[in-house]
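Inspection log for the structure reproduced underneath, given as structure tokens.
There are 4 protein chains.
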Amino acid sequence: MEARKQPKQARSRATVEAILEATARVLVEDGYDALSTNRVAKVAGVSIGSLYQYFPNKESLVLAIVEQHTEEMMDMLRNAVTDLAHAPLDVAVRTYVRAIIEAHTVDPELHRALMMQVMHIGVELIGGINSTARQIVEGYLTLHLDELAITDVKTAAYVLVHAVEAVNHAHILEPDPPETEPLIEEVSQLVLRYLKG
Amino acid sequence: MEARKQPKQARSRATVEAILEATARVLVEDGYDALSTNRVAKVAGVSIGSLYQYFPNKESLVLAIVEQHTEEMMDMLRNAVTDLAHAPLDVAVRTYVRAIIEAHTVDPELHRALMMQVMHIGVELIGGINSTARQIVEGYLTLHLDELAITDVKTAAYVLVHAVEAVNHAHILEPDPPETEPLIEEVSQLVLRYLKG
Amino acid sequence: MEARKQPKQARSRATVEAILEATARVLVEDGYDALSTNRVAKVAGVSIGSLYQYFPNKESLVLAIVEQHTEEMMDMLRNAVTDLAHAPLDVAVRTYVRAIIEAHTVDPELHRALMMQVMHIGVELIGGINSTARQIVEGYLTLHLDELAITDVKTAAYVLVHAVEAVNHAHILEPDPPETEPLIEEVSQLVLRYLKG
Amino acid sequence: MEARKQPKQARSRATVEAILEATARVLVEDGYDALSTNRVAKVAGVSIGSLYQYFPNKESLVLAIVEQHTEEMMDMLRNAVTDLAHAPLDVAVRTYVRAIIEAHTVDPELHRALMMQVMHIGVELIGGINSTARQIVEGYLTLHLDELAITDVKTAAYVLVHAVEAVNHAHILEPDPPETEPLIEEVSQLVLRYLKG
DNA sequence: AATGAATGAGGGTTCATTCAT
DNA sequence: TATGAATGAACCCTCATTCAT
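Protein chains in written order, with our numbering: chain A, 71 to 267; chain B, 71 to 267; chain C, 71 to 267; chain D, 71 to 267.
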């Protein structure tokens, strides 16, 4: 997968933009199985040749979308969590849970599509998100270890991150999920009681 | 006078069996993208025509596999949980967590393949598992409501089931997961502390 | 390049036949650069899918033609040369030269096309013809070594075979070649005088 | 007042030069099938637009290379053969054979590439070489007709030129050719004995 | 004179599906 | 019932060529 041209002129940046948008749109509206390079090019209003001038193959298209999307999500998460290191447990947990859930509202339909259809490409990247999250959580737990009812910080972080993630994913993927606010509270309780012993 | 399973031709059953096995094998060994009806027929040692005699299209093939697999898993879960209704909380939780994890060992490679590649077909069915699990958990929680620190049984069940599921899925999908036994204990603690308040 | 189905029914043998004929025809009429699998399929009156049921890729198509063609040529050569081992030099040489030239009349247009367009695939096979020819010639030279003005049989065979071949190829490829009969005589003289010293 | 070579811009000449060199390089290193105008432009360090400023299409690129290459070869041949008209037969033949073989050493890799891949473009031009050679040989033969055992100068020249050419081509194309010096001697003998009768 | 973005016909190939035997 | 030959839409991708800048 050799790197393709980097756009230099304004025109080509617009082209790349259009292609990425079209990719996302096709993904959301028609699903991964309907994602063909020709379709994307058509939806983008661009020739198939142009598409291949900037993306060496189909996979790179999806990868670019996934990267862009996870980047946005991780930014949101990092921002929400800044200066939380010394916050009291209750605040920290609730903020974190809320941040996770809100991070998934960036483009929930795209997220849904990526989750459902693209796992086989995105597992590593998605793993990436979780490992970022785990580092954050581990950091906090280590700092507050003496107030907490846990001993194995690594396993605890692992369990917490995945538990929160999962509830959240279910929330996104399921047709008929519970209300958001009670859910946040309940997940927070799950985490808090676990940590407080 | 309950319905007997239709005897049909023994030959037919063998053919269907061979096709399903071939499907699973291809899925596990080569992945969803390499799953083609022609390939399955060849691996099954059956003509493509015969395949289409029993399965109207490709999707139905995969669906049959998913159904068969989830059926087995849910059976395991139900069995493990029988007569647990009046068990003490600690026992119930630990048994449940262990049952969930063991249910995923029925055919972990197939499960992995289905998870990673086939989500777009299987989400409803996978949702099905969870809703079964939720019913079980809701039942237990309702029965023990007076000993527990929760009020909203539905949300609590929802949170718990997904939290446990998620840790488990991570455990299956991740390249470098923690040890199983400490994980079971830690997840059990997560649940117990939550329930006990 | 995995082997594809071997035709079993009469129908499919006809299909393979049609495809090979179409390949030859396109090669002769339009040249190698115009040889596309789609074009061959169309000319053969066969769907592109059928073509790929019997030939794993484009190259195998051409290879099949080359093989078929060289097989025919080598058969002709071998037949013409049978029982020549003990023939007197003059007879042997003239027979050989004539045989070489006649072997190229099997399907001269196809030969021309293959020569001109397909060299990059066929070099080994063409090498094969020459090495067959060299063995024949070496055998004869060794047997008659005491009548001949040469010492290094291998080099002599090499020179002779290529010299004869070349005149012949020129004869085929050039737009305005000399008459065949005088050419045969002259080439025979070239060889004879060389061998007699 | 002979035509000067148009000075134009020095820059233009450099561009053309770079393009031709790139063409040859791609041809030699990657083969004809990998020769694309875009690739040539990139290797030449020139924009595709510039390439089309000097060469109307892909074919003209290759044609230019072939022309340049054959020009060099024919120059070498002519030089080696100058003042040979009145040389004795042995000298003339050996000089000629050597000259032909050395002419192919100008850029043997390029020659090989052109031979194997580009024949369909170059046949006429390659024919051109041979016809030059034939004129040279015919001239010599006519001049020395009384010493020689031939009558039909044209056919003899034809046979000789192609025989020598062929041995040479085999020498270039074959993976495991004989040593050069014995080959030269043997080919010279082939020619000499033929001419002397 | 030079650039490089854009084009799109066309190429090789796959695979779900049908249907005559 | 079973076979497997046949189909062809669709896919990913390349590359000669054009043209606005």
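Every residue, glycine too, gets a C-beta built ideally from N, C-alpha and C.
All values derive from a computational prediction rather than experimental measurement.
Between residue i and chain A, is any beta-carbon pair separated by less than 8 Å?
i: Tyr264 (chain B); result: yes
i: Gln259 (chain B); result: yes
i: Ala203 (chain B); result: no
i: Leu180 (chain B); result: no
i: Leu211 (chain B); result: no
i: Leu105 (chain B); result: no
Residue i and residue j: beta carbons closer than 8 Å?
i: Glu142 (chain D); j: Val176 (chain D); result: yes
i: Ala157 (chain D); j: Ala169 (chain D); result: no
i: Leu90 (chain D); j: Ala162 (chain D); result: no
i: Leu265 (chain B); j: Ile220 (chain B); result: yes
i: Val229 (chain D); j: Leu262 (chain C); result: no
i: Val231 (chain D); j: His232 (chain C); result: no
i: Ala92 (chain C); j: Val113 (chain C); result: yes
i: Met144 (chain D); j: Thr202 (chain D); result: yes
i: Ala227 (chain B); j: Leu211 (chain B); result: yes
In terms of residues, what are the limits of the alpha helix (DSSP H) holding residue i?
i: Val86 (chain A); result: 80-100
i: Glu217 (chain D); result: Counting along the chain, Glu217 (chain D) falls outside any alpha helix (DSSP H), and DSSP gives it neither H nor E.
i: Asp145 (chain C); result: 128-151
i: Val257 (chain B); result: 250-266
i: Thr107 (chain D); result: 107-114
i: Ser120 (chain B); result: 118-124
i: Ala169 (chain D); result: 159-173
Taking just the CA atoms, how far does residue j sit from residue i?
i: His139 (chain D); j: Leu131 (chain D); result: 13 Å
i: His181 (chain B); j: Ile118 (chain B); result: 26 Å
i: Gly115 (chain A); j: Ser106 (chain A); result: 14 Å
i: Lys128 (chain B); j: Ser120 (chain C); result: 21 Å
i: Val167 (chain A); j: Val96 (chain D); result: 58 Å
i: Gly267 (chain D); j: Leu218 (chain D); result: 7 Å
i: Glu99 (chain B); j: Ile254 (chain A); result: 40 Å
i: Leu213 (chain A); j: Glu235 (chain B); result: 28 Å
i: Glu154 (chain C); j: Glu251 (chain D); result: Per the sequence shown, the amino acid found at residue 154 (chain C) is Leu instead of Glu. Distance between the alpha carbons of Leu154 (chain C) and Glu251 (chain D) is about 32 Å.
i: Arg164 (chain C); j: Glu256 (chain D); result: 21 Å
i: Leu184 (chain A); j: Met185 (chain B); result: 14 Å
i: Gly209 (chain D); j: Ala94 (chain D); result: 34 Å
i: Asp160 (chain D); j: Pro248 (chain D); result: 23 Å
i: Asn108 (chain D); j: Arg81 (chain D); result: 20 Å
i: Glu179 (chain D); j: Ala173 (chain C); result: 31 Å
i: Ser258 (chain C); j: Asp222 (chain C); result: 20 Å
i: Arg204 (chain C); j: Asn200 (chain D); result: 25 Å
Between residue i and chain C, is there a C-beta pair that is closer than 8 Å?
i: His174 (chain D); result: no
i: Thr225 (chain D); result: yes
i: Ala236 (chain D); result: yes
i: His156 (chain D); result: no
i: Ala269 (chain D); result: As displayed, chain D neither begins before 71 nor continues past 267, which places residue 269 (chain D) out of reach and without an answer.
i: Gly267 (chain D); result: yes
i: Leu147 (chain D); result: no
i: Pro126 (chain D); result: no
Could you check whether the Cβ of residue i sits closer than 8 Å to any Cβ belonging to chain B?
i: Glu256 (chain A); result: yes
i: Val229 (chain A); result: yes
i: Ala233 (chain A); result: yes
i: Leu131 (chain A); result: no
Please tell me whether, using a cut-off of 7 Å, the distance from the CB of residue i to the nearest non-hydrogen atom of the ligand ZN is below it.
i: Thr93 (chain A); result: Questions concerning the ligand ZN fall outside what the structure shown contains, since it holds no ligand whatsoever.
Against chain D, with Cβ distances strictly below 8 Å, would residue i count as a contact?
i: Leu215 (chain C); result: no
i: Asp100 (chain C); result: no
i: Asp222 (chain C); result: yes
i: Leu90 (chain C); result: no
i: Leu184 (chain C); result: no
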